[in-house]
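Numbering (this note's numbering), first residue to last: 43 to 100.
Heads up, the beta-carbon is just placed ideally off N, CA and C, and yes, glycines get one too.
Comments concern the structure below.
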Amino acid sequence: MFSEDSLKSQILDVSSPLRLNFITLDSLTLRVVLTASLITLGSQFVQLRSLGSLSSVE
């Protein structure tokens, strides 16, 4: 009924958008993780600085 080539192209047509979605999902999660780690690092740095300034005042 189907030739092998047409079947392969159909499978590729179905799988390519899925692959694209996975790639965009990966980059999104990476971005979220990076921003979250940056925020935590920034808040820790601010806490350390405020602690340092408090101890130097005393």
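C-alpha gap between residue i and residue j, whole angstroms
{"i": "Leu-60", "j": "Lys-50", "result": "16 Å"}
{"i": "Ser-95", "j": "Thr-71", "result": "36 Å"}
{"i": "Ser-79", "j": "Ser-48", "result": "47 Å"}
{"i": "Val-88", "j": "Ser-69", "result": "28 Å"}
{"i": "Asn-63", "j": "Asp-55", "result": "13 Å"}
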